[in-house]
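Enquirer:
2 protein chains.
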Amino acid sequence: MSAQTDFVQLGHGSGGQMMKRIIDEVFLEAFGSPELLAGNDAGVADLPASSDRIAMSTDSFVVTPQFFPGGDIGRLAVCGTVNDVATSGARPLYLSCGFILEEGYPLADLRRICRSMAQTAQETGVRIITGDTKVVERGKADGVYINTAGVGAVPQGIDLSGANCQPGDVVLVSGTLGDHGIAVMSQREGLAFSTPIVSDAAPLNHLIAAVLNAAPRTRCFRDPTRGGLASTLNEFAQASGVVITVDEDAVPVKPEVRGACEMLGYDVLQVANEGKMVAVVPAEEAQAALAAMRASKYGEDAAIIGEVSPCLGADARRSSANWPSMNRADTASDQAPDADIPAIPTGSVRVRTPWGSTRILDMLVGEQLPRIC
Amino acid sequence: MSAQTDFVQLGHGSGGQMMKRIIDEVFLEAFGSPELLAGNDAGVADLPASSDRIAMSTDSFVVTPQFFPGGDIGRLAVCGTVNDVATSGARPLYLSCGFILEEGYPLADLRRICRSMAQTAQETGVRIITGDTKVVERGKADGVYINTAGVGAVPQGIDLSGANCQPGDVVLVSGTLGDHGIAVMSQREGLAFSTPIVSDAAPLNHLIAAVLNAAPRTRCFRDPTRGGLASTLNEFAQASGVVITVDEDAVPVKPEVRGACEMLGYDVLQVANEGKMVAVVPAEEAQAALAAMRASKYGEDAAIIGEVSPCLGADARRSSANWPSMNRADTASDQAPDADIPAIPTGSVRVRTPWGSTRILDMLVGEQLPRIC
C-alpha cells in the first residue's frame, strides 16, 4: 500500500499544517531534543563551563527567481537567519553559509548574490565565519540554494518563547504584511501591477533590540515568514494555551498588496513576509514597544493589531511540536502528559472583521506559494 | 565574451584547485572575515562579554546514492560537521540541520535518514537543536540534500591551525585511506569487488580529544574529505610555508581499495575519506599521539606517514585563501604583504615511493568523483 501521503509533497514546505505534521512525525520523532521541543525559531542552549547561552538557528533558501523586486536570495539568506536568531532575544554574531550550486550557473550571478550577502551581513553586524560549497549536475538543483546557520549570544535574564503569552497581552506587528510573498510571486508569474510591489526583506535584529530595551517584559518575537501572520499567531496561541484575536482593520497592508491578494484569492494574513516582526508584550508596555518599533529602521508602519485572551471552557495547552517554528507545550519545563486534556478547538486565533463579525484564522493546510524563500 | 569559465562547473565542488579558485575569487572576495581567512575547517570566534570561544562549521551533503555500504547521507551529515568542528580542538556541542527535499521523495527513506542522524548524533554527544525544511518541485533536487552546521566550545589555550606546522613535525593519519570514495563510487556505478568496500563514515571527536590529551602540542587536525590526503597536506604545507613528505609505503590502504584505485586510475591519496583524521604533531609527541589514536574507536589502523621539513631556497609562505578548507597565510596574526616573496614551487607535498624515488603530490585539478559527500 503506497498512498500519496507516503511521499514528500510541496505542502510539506508550506509553513502550514502539512509542514507541522512532517516536523512532528519525522524530525521531532527522531531528534526530539529539549531545544527543538521548545519550538521557537532559534534553539537556545548553554555553553558548558560558563554561564553563557547561545541561540542557534538555520534556514535553507530555495527562492525562485533568485532576484526579485526589493531583494535577492542572498539578502534573504542573511536576513532570515539573523531574524530567527534575534527572535530569541540574542545578539546575532556569526553566520555559516553553505552553497549548493547547479552546474552551469553563471558566476556573475553568484558574485552578485555574495555581494548582497556581504552587504546585508554588514548592516546586521554579523560576520560570516565558515562556509561550504557543493556542486551538483545540471538538472539536480535550480541554480543556487543557500543554507545559513546563525549563532548569537543570549543576554542573561532573557527568556523569550512563544509559550509565554498571557491573557491581557497585546500583539504588535512591525509593518505592512504580504509584501514579500506577492513581490516574488508577481515576479515569477510575470504579473505587473500599476504600483510595483517590492519585497520587504530586511534584517530586524536592531529593531528587536530596541523593543526589548523599551519593553523589557516582552513575551516573544517571531517573524511571520512562510504561512504568514496566521502561522505565527497559531503557533503562539497553541504554545501558550490562549486565544489571540486580531482586528483586521488594524493590520497594516499596502493597498496594492491588498488588491493583488483579492485578485489572486490569497488571505494576506497567510502570505509570507521577510522583513516583519510580530511581538507579544504586556499591555502596560505596548505603547513603549510600539514607539520603539516606529522609531526603528524598517518599523515605521508598526501597529498594535490584537490582544491575547484566555481559552474558553475546557481549552488548555495543546501539544504541538515544532521545528523550529511550531510550538509544543510539553517542553522540559512542562512534562505533564496531555492525554486527559480535551483538544482545544482549532482556531485559537480569531479575526474581528471590519463588519463586526469574527472568523477563525487557521494555518494554511497545503501549499500556497511554493519556494517563496 | 562568455567562456566556459564564467559558469559553475562540477570541478568547483571537487575539494581541489578549482574549488580553491572559486572560494578565493568569489566567496572570500565578498566575505573575507578574519575567521574565514584563517582557512581552517571551522571558524573560531569570541563570544563578547565573556572569555568563551566557539568553533563553527557547516557542510551541505548531496551524496548520491543516499544509502551506500557503511553509511548513508544522514550519518555523513552528522559526522562531517562534527569532525570539522572537532578539528579546531573544540568540543562539538550543537547541530542545526536544514533539509531540502524533492517533491515525491519517499517519507520512509527520510525517516531512515533521520534515525541514522539521531543515532550518530548520540554517538558523538552532540544535540540537534534547530532545523529547517524546504521542499522543491520534482526535478529541482535529487531526493534530499542536507545541510548541517555545528557549534563547539573551544577550551582555553587551544589554538590549532593548518598554519602551525613546523619543520621536524610528524604527520599521522588515523586509518586506511580511500574507503569512502571507492565505496560510494562502486555503489553508484554498480561495480562489485570480490571483497566489499565499505565507507569509513565515522565521528572522530572522541579520537581528537584523546590525541589532544596525549599530545597537547598537536599543531593541527584535518579530515581528508573531498580531495583526499593530497588536498589536506597541500593546505597545511601552503599555510605553514613548509614541505611535507609522505612515505607511500607507510600510508595504510586496504588491499581491495588499492586494487580498485589501480583499476580505475585513481590516486588513492586524492580519494575522499569520511572517517579519517590527519594530525601534525611535534616529533617528541608523535608516539604518544599514535598510541592515543590506536587506542581510540576508529583509530586502530593509525600510522605515522610523513614529516615536515623547511622550504628549500627562497620558498616561503604562500598566500592561499580558503573556505573553509584551504589556507591563507596572511591572517590577522600575519599581515605582512607577500608581494615580494617569490611563489613557492607548486608541490610542497612530496611522496617517497617504495622504489626510492620522489614525486610531487598535487591537489586535484578538476573533479574526480562528483557528489561523494
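Chains as they are written, first to last, in UniProt numbering: chain A, 1 to 373; chain B, 1 to 373. Just so it is clear, CB atoms sit at the ideal spot from N, CA and C, and this is done for glycine as well. The structure presented is a predicted model; accordingly, all values stated were derived computationally and were not measured.
With a threshold of 8 Å on Cβ separation, who are the neighbours of B:Ile197 within its own chain once the five nearest residues in sequence on each side are excluded?
Expert: Residue mapping note: residue 197 of chain B aligns to position 197 of the second sequence, counting from 1. Pro69, Asp179, Ile182, Ala183, Ser186, Lys254, Glu256, Val257 and Ala260.
Enquirer: Is there a Cβ of chain A sitting closer than 9 Å to that of B:Ala201, yes or no?
Expert: Taking the first residue of the second sequence as 1, we reach residue 201 of chain B at position 201. False, the Cβ-Cβ gap to chain A never drops below 9 Å.
Enquirer: For the stretch 151-159 of chain B against the stretch 235-244 of chain B, do three or more pairs of beta-carbon atoms, one drawn from each stretch, fall closer than 8 Å, so that the two count as touching?
Expert: These segments do not touch.
Enquirer: Would the stretch 109-117 of chain B and the stretch 11-28 of chain A be scored as touching if the rule is three or more Cβ pairs under 8 Å?
Expert: Touching, yes, given that three or more Cβ pairs across the two stretches are closer than 8 Å.
Enquirer: Distance, Cα to Cα, A:Val135 vs B:Asp6?
Expert: Against the first sequence, residue 135 of chain A aligns to sequence position 135. Against the second sequence, residue 6 of chain B aligns to sequence position 6. The straight-line gap from Cα to Cα measures roughly 15 Å.
Enquirer: By how many angstroms is the C-alpha of A:Gly43 removed from the C-alpha of B:Arg138?
Expert: As a first step, residue 138 of chain B is located in the second sequence; it is residue number 138 there, counting from the start. As a first step, residue 43 of chain A is located in the first sequence; it is residue number 43 there, counting from the start. Distance between the alpha carbons of B:Arg138 and A:Gly43: 31 Å.
Enquirer: Taking only the alpha-carbon atoms, compute the straight-line gap between B:Arg359 and B:Val246 and give it to the nearest angstrom.
Expert: Residue numbering aside, residue 359 of chain B sits at position 359 when the second sequence is read from its first letter. Residue numbering aside, residue 246 of chain B sits at position 246 when the second sequence is read from its first letter. Cα-Cα distance, rounded: 10 Å.
Enquirer: Interface residues of chain B around A:Lys140 at Cβ under 7 Å?
Expert: By one-based count along the first sequence, residue 140 of chain A stands at place 140. Per Cβ cutoff of 7 Å: Ala141 and Asp142.
Enquirer: Ordered along the chain, which non-local residues of its own chain (more than five positions away) have a Cβ less than 6 Å from that of A:Asn205?
Expert: Mapped onto the first sequence, residue 205 of chain A falls at position 205. Within the same chain, A:Asn205 has close Cβ partners Val82, Ala86, Pro92 and Thr124.
Enquirer: Residue ranges of each beta strand (DSSP E) run of no fewer than 3 residues wholly in the UniProt domain "PurM-like C-terminal" (166-309) of chain A, ordered along the chain?
Expert: As far as the UniProt domain "PurM-like C-terminal" (166-309) of chain A is concerned, its whole beta strand (DSSP E) runs of at least 3 residues are 170-173, 220-222, 242-247 and 278-281.
Enquirer: Could you pull the DSSP bridge partners for A:Arg115 from this structure?
Expert: In the first sequence, counting from the first residue as 1, residue 115 of chain A sits at position 115. A:Arg115 pairs with nothing; no bridge assigned.
Enquirer: Mind pulling the chain A residues with CB within less than 7 Å of B:Lys134?
Expert: As a working note, residue 134 of chain B is residue 134 in the second sequence. Those are Gly13, Ser60 and Val62, listed as they occur along chain A.
Enquirer: Which of the residues in the stretch 147-166 of chain B, read from start to end, lie with their CB under 7 Å from any CB of chain A?
Expert: Correct list: Asn147, Ala149, Val151 and Ala153.
Enquirer: Thinking just about the alpha-carbon of each residue, which of B:Ser33, B:Ser50 and B:Ala192 is nearest to the one in A:Gly131?
Expert: Translated into the one-based positions of the first sequence, residue 131 of chain A becomes position 131. Among B:Ser33, B:Ser50 and B:Ala192, the Cα nearest to that of A:Gly131 belongs to B:Ser33.
Enquirer: Taking 9 Å as the cut-off, decide whether the C-beta atoms of A:Val144 and A:Ile100 are in contact.
Expert: In the first sequence, the residue the question calls residue 144 of chain A occupies position 144. In the first sequence, the residue the question calls residue 100 of chain A occupies position 100. Yes, they are a contact pair.
Enquirer: What number of angstroms, rounded off, separates the C-alpha of B:Leu47 from the C-alpha of B:Ser194?
Expert: The count along the second sequence starts at 1 and reaches residue 47 of chain B at position 47. The count along the second sequence starts at 1 and reaches residue 194 of chain B at position 194. So the alpha carbons of these two residues sit roughly 53 Å apart.
Enquirer: If you follow the beta strand (DSSP E) that A:Glu45 is part of, which residue opens it and which one closes it?
Expert: Your numbering for residue 45 of chain A matches position 45 in the first sequence. Before going further, note that residue 45 of chain A is Ala rather than Glu in the sequence given. Per DSSP, A:Ala45 belongs to the beta strand (DSSP E) from Gly43 to Asp46.
Enquirer: Got a sec? Which residues, its chain only, sit under 7 Å from A:Gly227 by beta carbon, not counting five neighbours each side?
Expert: As a working mapping, residue 227 of chain A is identified with position 227 in the first sequence. Closer than 7 Å at the Cβ level, and outside the excluded window around A:Gly227, lie Ser14, Gly15, Gly16, Gln270, Met363 and Leu364.
Enquirer: Do A:Gly275 and A:Pro203 have their CB atoms nearer than 9 Å?
Expert: Taking the first residue of the first sequence as 1, we reach residue 275 of chain A at position 275. Taking the first residue of the first sequence as 1, we reach residue 203 of chain A at position 203. Yes, the pair counts as a contact, with Cβ atoms nearer than the cut-off.
Enquirer: Cutting at 7 Å between CB atoms, please list the residues of its own chain near A:Ala153, excluding the five before and the five after it.
Expert: Locating residue 153 of chain A in the first sequence gives position 153, counting from the first residue. These residues qualify, in order along the chain: Asp52, Ile54, Ala90, Arg91 and Leu93.
Enquirer: Please work out which residues of its chain come closer than 6 Å, Cβ to Cβ, to A:Thr346, disregarding the five sequence neighbours upstream and downstream, and give them in chain order.
Expert: In the first sequence, residue 346 of chain A corresponds to position 346, counting from 1. Confidence at A:Thr346 is low in this model, with a pLDDT of 45, below 50, so its placement is unreliable and the value that follows should be read with caution. Cβ within range, chain order: n/a, list empty.
Enquirer: How about A:Pro203: is its Cβ closer than 8 Å to a heavy atom in the ligand MN?
Expert: Ligands displayed in this structure: none; no statement on the ligand MN is therefore possible.
Enquirer: Give a yes or no on whether 9 Å exceeds the smallest Cβ distance from A:Glu137 to chain B.
Expert: Position 137 of the first sequence, counted from the start, is the residue given in the question as residue 137 of chain A. Yes, A:Glu137 lies at the interface with chain B (some Cβ there is under 9 Å from its Cβ).
Enquirer: Name, please, each residue of chain B whose Cβ falls closer than 9 Å to the Cβ of A:Pro252.
Expert: To locate residue 252 of chain A, count along the first sequence from 1; it is residue 252. Within chain B, no residue comes near A:Pro252; the closest Cβ sits about 28 Å away, beyond 9 Å.
Enquirer: Since A:Ile128 and A:Ala121 should fall inside the 8 Å C-beta cutoff, what is the C-beta to C-beta distance between them, to a whole number of angstroms?
Expert: Position 128 of the first sequence holds residue 128 of chain A. Position 121 of the first sequence holds residue 121 of chain A. Indeed they touch by this definition, with Cβ atoms about 6 Å apart.
Enquirer: Compare the beta carbon distance of A:Ile289 and A:Ser161 with 9 Å and say whether it is the shorter of the two.
Expert: Position 289 of the first sequence, counted from the first residue, corresponds to residue 289 of chain A. Position 161 of the first sequence, counted from the first residue, corresponds to residue 161 of chain A. In the sequence under discussion, the amino acid at residue 289 of chain A is Ala, which differs from the Ile named in the question. In this structure, A:Ser161 does not lie closer than 9 Å to A:Ala289 by Cβ.
Enquirer: So, with DSSP's three-state summary, where would you put A:Ala38?
Expert: Taking the first residue of the first sequence as 1, we reach residue 38 of chain A at position 38. Looking at A:Ala38 - three-state DSSP - the assignment turns out to be coil, as it is neither helix nor strand.
Enquirer: Taking 9 Å as the CB-CB cut-off, is A:Thr5 touching chain B?
Expert: The residue you call residue 5 of chain A lines up with position 5 of the first sequence. For A:Thr5, the answer is yes, since a Cβ of chain B falls inside 9 Å of its Cβ.
Enquirer: Kindly identify the DSSP beta-bridge partner or partners of A:Cys97.
Expert: For the purposes of this step, residue 97 of chain A is taken as the residue at position 97 of the first sequence. Its beta-bridge partners are A:Gly131 and A:Thr148.
Enquirer: Pull up the CB-CB distance for B:Val351 and B:Cys165, whole angstroms please, since I reckon it's below 8 Å.
Expert: Here residue 351 of chain B refers to the residue found at position 351 when the second sequence is read from its first residue. Here residue 165 of chain B refers to the residue found at position 165 when the second sequence is read from its first residue. Contact doesn't hold; Cβ gap of about 17 Å is too wide.
Enquirer: Check the Cβ-Cβ distances between residue 455 of chain A and every residue of chain B, and say whether any is below 9 Å.
Expert: Past the edges of chain A, shown from 1 to 373, lies residue 455 of chain A, and the structure says nothing about it.
Enquirer: Using 8 Å for Cβ pairs, my map puts B:Ala201 next to B:Gly71. What's the rounded Cβ distance?
Expert: Start at 1 with the first residue of the second sequence, and residue 201 of chain B comes out as number 201. Start at 1 with the first residue of the second sequence, and residue 71 of chain B comes out as number 71. 4 Å between Cβ atoms; contact.
Enquirer: Where does A:Gly11 land, buried or exposed, given buried means 16+ other C-beta within 10 angstroms?
Expert: Residue numbering aside, residue 11 of chain A sits at position 11 when the first sequence is read from its first letter. Buried.
Enquirer: Is the CB of B:Pro370 under 9 Å away from at least one CB in chain A?
Expert: Working through the second sequence from its first residue, we reach residue 370 of chain B at position 370. Chain A, which has a Cβ nearer than 9 Å to the Cβ of B:Pro370, makes this yes.
Enquirer: Measuring straight from C-alpha to C-alpha, what distance separates B:Val62 and A:Gly98?
Expert: For the purposes of this step, residue 62 of chain B is taken as the residue at position 62 of the second sequence. For the purposes of this step, residue 98 of chain A is taken as the residue at position 98 of the first sequence. Distance between the alpha carbons of B:Val62 and A:Gly98 is about 12 Å.
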